[in-house]
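The listed protein sequences derive, respectively, from chains E and C.
Counting from 1 along the first sequence, just add 245 to a position and that's the residue number in the working numbering.
Counting from 1 along the second sequence, just add 3 to a position and that's the residue number in the working numbering.
Heads up, the beta-carbon is just placed ideally off N, CA and C, and yes, glycines get one too.
Note that the structure is predicted; figures quoted are calculated from it, not measured.
Okay, so here's the structure we're looking at.
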Amino acid sequence: MKRVVLAACLVAFIGLSPARAVLPDEVMADPAKEARARELSRELRCMVCQNQSIDDSEAPLARDLRLLVRERIAAGDSDSQVIDFLVARYGEFVLLKPRFERQTLLLWLVPPLLLVGGGLALWVYARRRVKDGEAGKALTAQEQARLAALLSAETPAKEP
Amino acid sequence: MIAESGHYALVLALGLALIQSIVPLVGVRWRDPALMNVARSTALAQLGFVAASFAALVTLHVTSDFSVANVFENSHSLKPLIYKITGVWGNHEGSMLLWVSILALFGALVAAFGNNLPLTLRARVLAVQAWVAGAFYLFILTTSNPFLRLPHPPIEGRDLNPVLQDIGLAVHPPMLYLGYVGFSISFSFAIAALLEGRIDAAWARWVRPWTLMAWIFLTLGIAMGSYWAYYELGWGGWWFWDPVENASLMPWLAGTALLHSALVMEKRDALKVWTILLSILTFSLSLLGTFLVRSGVLTSVHAFASDPTRGVFILLILCVFIGGSLTLFAGRASALKQGGLFAPISREGALVLNNLFLTTACATVFIGTLYPLALEVLTGDKISVGAPFFNLTFAPLFIPLMVAVPFGPMLAWKRGDLLGAMQRLLVAGIAALLAIAVAWAWARGGSALAPLAIGLAVFVIAGALSDLAERVGLFRLPLATSASRAMGLPRSVWGTAFAHAGIGVALIGIVCETTWNSEYIGTMKPGDAISIAGYQMTLEGLIQQQGPNYRELVAPFTVRLDSKRLAVMTPSKRTFTTRGMSTTEAALLTRGASQLYISLGDPTADGGITARIYHKPLVLLIWFGPVLMAFGGLLSLSDRRLRVGAPKPAKAVRGLQAAE
């Protein structure tokens with residue numbers, strides 16, 4: 246839906262044509278290495294596109310990056326070395342999954358904190374309400390007297 | 004003339020909206036039924052004028068009147084009629100006009116079918132509706148006038164973006180807007196309730212059908228958009244965690260939470276404050292979505308800053324409505340009395356848990372979408388938040404939610420029996436374990452988690468079925484009794500089962516598609532054959548063709564299974580003359596719920612063509628699930644209890660008065 250709504254809605258975005266990404270001549274001979282390259286490509290952003298990974302994008306820059314990733318893998322880099330290399334070259338912007346750092350602290354922490362905080366708040370609230378409810382159940386002396394008066398005024402009611 | 008009439012009709016609609024924003028409230032103040040009833044007439048008249056305005060724009064597009072800027076920029080005289088019509092909302096101005104048309108439609112529906120609402124509540128709801136409508140009419144008239152004339156009318160138009168020349172554009176945006184804008188009703192009801200200073204179970208009963216209706220449309224709209232992207236964009240992706248998608252997902256998550264919390268409020272008179280807040284938040288997120296998509300802030304913060312007219316206007320609308328409603332909420336919410344106590348293990352408790360997870364999921368999408376924007380504005384640093392982030396944060400929230408889903412309907416109101424629910428879900432649990440075993444034995448490669456996810460999905464589906472079986476006493480009672488009980492079950496019970504099963508069905512599709520899809524990328528020449536997932540695909544040739552407003556290169560593939568000829572698939576690449584753009588028309592072959600998918604790349608110098616061929620197992624379930632969910636929603640909507648405009652039960656009226 247991305248491109249479609251986007252294109253449907255965002256005049257500025259019109260002009261980006263559908264993507265076809267990885268081309269046959271890029272594929273590495275070793276399937277295991279190619280799989281690693283694909284895996285990594287999905288986590289890297291095509292920086293001239295809107296929210297597309299280099300795996301999805303057909304932009305020339307994405308192709309360059311895909312080749313670069315494969316070059317590094319062929320040279321024997323580990324996944325994290327490839328990532329570090331790209332970040333050193335292009336900055337944090339290239340990562341579709343930001344690293345856990347000072348400036349992304351909130352991004353990573355809000356969801357779990359909200360879940361835990363919300364859960365705790367609910368728990369406390371539920372306990373308080375149950376307590377209040379129990380407190381509310383007991384009648385005050387005045388209410389007791391009124392109840393007795395009402396009951397005695399009625400025709401002999403069945404015992405509760 | 005038509006353009007000017009359309010423009011003028013919109014101005015009149017604005018006038019009516021202004022009257023409707025004020026007069027009914029004065030009527031409430033003075034307790035004057037005549038003034039309160041003004042809202043009814045103005046809401047209906049508003050629809051008339053906005054519809055006239057919309058019809059005017061459609062006429063201009065259909066007749067290719069290129070003296071109107073909007074038509075010139077987005078149409079072409081050779082474009083097929085259907086795309087001339089859908090092109091009306093394939094651009095900013097037209098889609099905003101569609102937005103307000105749907106808003107007016109909903110306002111008129113409340114006016115027409117709200118006879119069973121208390122007079123003051125209806126007057127207030129319609130007044131709030133008119134505030135929203137007024138703001139957006141003003142937005143269109145001042146910044147996005149679709150009826151603007153060109154001083155020197157050109158002979159030919161610039162044509163619509165080729166990607167949009169698809170039947171998807173006819174269905175997806177209207178559906179999505181029916182959903183987005185439909186939530187304005189629950190928003191208006193919430194504000195009206197805050198203004199009234201009282202809220203009760205009857206309120207929830209009035210609001211639920213509207214929320215449900217909006218939710219059904221939004222569900223279908225999102226699913227439809229996802230399928231459109233899948234076949235139109237040519238690389239088989241169906242969800243990209245793009246900000247624009249997230250903009251529609253957020254109201255959906257909040258709206259789903261709202262449906263469930265309104266249920267608690269209706270049945271048990273509890274969670275009032277929370278339900279009101281969710282109503283406000285859901286529509287606020289719809290507005291936020293409109294802002295994100297319309298202002299251009301997503302493309303670039305700088306583009307937004309350099310031409311901010313539209314963006315700032317919507318931002319203003321956003322701030323006024325969200326800020327205003329939350330302020331009102333803060334001031335009035337504490338006055339609302341809480342009802343209905345319940346134990347943590349109970350139907351209410353399960354629904355609260357549902358709300359906790361759904362709102363956290365919604366907040367996750369919210370922060371992931373807006374964080375890069377906020378960071379760039381505040382510090383100038385640019386980061387990206389994309390699919391890997393959302394997959395990592397979203398899944399852990401949805402897994403426990405899905406485990407909990409089958410338990411909800413099994414628990415009693417007030418105080419549930421978890422052990423009993425577990426016993427009743429025993430069959431579902433066994434089915435899930437079997438599914439895991441089968442998936443594990445069958446699967447080759449892929450993540451080890453995939454069979455577990457399949458098991459979870461089967462658990463959700465079997466859980467929904469167990470609930471039905473439990474209620475009709477299947478295998479415990481004679482079959483005839485079960486059948487008659489099944490007939491007697493409220494439709495909302497069936498609706499719940501269908502909707503819940505739909506989540507499981509969608510999950511199976513998602514897991515199968517992402518884990519076990521096969522892919523071939525390569526250059527093929529006519530006569531070349533490849534084999535994928537047991538199918539043999541032969542490229543028969545390359546053919547040039549001429550369409551109404553494009554040229555296309557077609558590559559027919561013959562598909563064989565065990566040397567038996569199955570079908571011919573014809574993917575193509577179209578080049579549109581006017582805009583000089585090309586689109587990939589993928590070819591799809593459906594086999595059960597699985598699909599073969601071919602999309603073409605560029606022709607090579609030596610007479611071949613780049614082809615991407617996929618086999619996507621059970622991929623259709625991804626969209627069949629949401630359709631099932633929407634069908635469940637429809638069943639619930641048709642339940643007598645909820646039917647819009649159904650005669651009010653005497654009990655509800657008593658409940659309302661007692662709440663004063």
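Here Phe345(C) carries a coil assignment [DSSP, helix/strand/coil].
In this structure, the alpha-carbon of Trp368(E) lies about 31 Å from that of Leu468(C). The straight-line gap separating the alpha-carbon atoms of Ala377(C) and Glu337(E) is approximately 16 Å. Taking the C-beta atoms as reference points, Ser147(C) is found nearer than 7 Å to Met99(C).
Beyond the five residues adjoining it in sequence on each side, Val406(C) comes within less than 8 Å, by CB distance, of Leu459 and Phe462 in the same chain, given in chain order. Bridge partners of Leu591(C) according to DSSP: Tyr600(C).
Take the alpha-carbon of Trp231(C) and the one of Gly171(C): they are about 6 Å apart.
Contact annotation for Phe338(E) against chain C: Lys385, Ile386 and Ser387 [CB-CB distance below 8 Å, chain order].
Within the same chain, Cβ atoms closer than 8 Å to the Cβ of Met253(C) are found at Leu288, Leu291, Gly292, Cys365, Val368, Phe369 and Thr372, the five residues on either side in sequence being excluded. Secondary structure of Glu159(C) (DSSP, three-state): coil.
The three-state reading of DSSP puts His618(C) in strand, counting E and B together. Listed along chain E, the residues sitting closer than 7 Å to Gly240(C) by beta-carbon distance are Asp301.
The stretch 297-363 of chain E is shown to contain whole alpha helix (DSSP H) runs of 4 or more residues at 305-319 and 324-335, in chain order. At a cut-off of 7 Å between C-beta atoms, Pro391(C) counts as an interface residue with respect to chain E. With distances taken between CA atoms, Gln341(C) lies nearest to Ala204(C) out of Ser70(C), Ala204(C) and Thr362(C).
In the three-state scheme derived from DSSP, where H, G and I count as helix and E and B as strand, Lys417(C) is classed as coil. Think of a sphere of 9 Å around the beta carbon of Gly525(C): the chain E residues whose beta carbon falls inside it are Pro269 and Val272, in chain order. Using a Cβ distance threshold of 7 Å, Val174(C) and Val247(C) do not count as a contacting pair.
Secondary structure at Ile524(C): strand, using DSSP grouped into helix, strand and coil. Excluding sequence positions up to five before and after Arg313(C), its CB lies within less than 7 Å of the CB of Thr146, Ser147, Arg297 and Ser298, all in the same chain and listed in chain order.
Within the stretch 228-261 of chain C, the residues whose Cβ lies closer than 9 Å to some Cβ of chain E are Gly228, Ser229, Tyr230, Trp231, Ala232, Tyr233, Glu235, Leu236, Gly237, Trp238, Gly240, Trp241, Trp242, Phe243, Trp244, Asp245, Pro246, Val247, Glu248, Ala250 and Ser251, listed in chain order. Chain-ordered listing is empty here: chain C has no CB closer than 9 Å to the CB of Lys376(E), the nearest sitting near 11 Å. Note: Lys278(E) is not bridge-paired with any residue in the DSSP secondary-structure output. Distance from the CA of Asp301(E) to the CA of Trp244(C), rounded to the nearest whole angstrom, comes to 13 Å. DSSP places Gln387(E) within a helical segment (H, G or I) once states are collapsed to three. Counting only the Cα atoms, Asp565(C) lies some 43 Å from Asn249(C). Proximity of Ile616(C) to chain E, defined by a Cβ-Cβ separation below 7 Å, is not satisfied.
A Cβ of chain E is located within less than 7 Å of the beta carbon of Ile370(C). Excluding its 5 nearest sequence neighbours in each direction, Lys278(E) has C-beta neighbours in its own chain below 6 Å: Ile318, listed in chain order. Nearest neighbour of Leu151(C) by Cα position, chosen from Leu359(C), Ala446(C), Trp242(C) and Glu96(C), turns out to be Glu96(C).
With respect to chain E, the C-beta atom of Leu281(C) has no partner C-beta closer than 7 Å. Minimum Cα-Cα distance from Arg290(E) among the listed residues Val332(E), Ser323(E) and Pro276(E) corresponds to Val332(E). Bridge partners of Ala136(C) according to DSSP: none are assigned. Going by C-alpha positions, His503(C) is about 47 Å away from Gln549(C).
Against chain E, a Cβ distance below 7 Å from Ala366(C) picks out Val355, Pro356 and Leu359. Contact annotation for Val355(C) against chain E: Leu367 and Ala371 [CB-CB distance below 9 Å, chain order].
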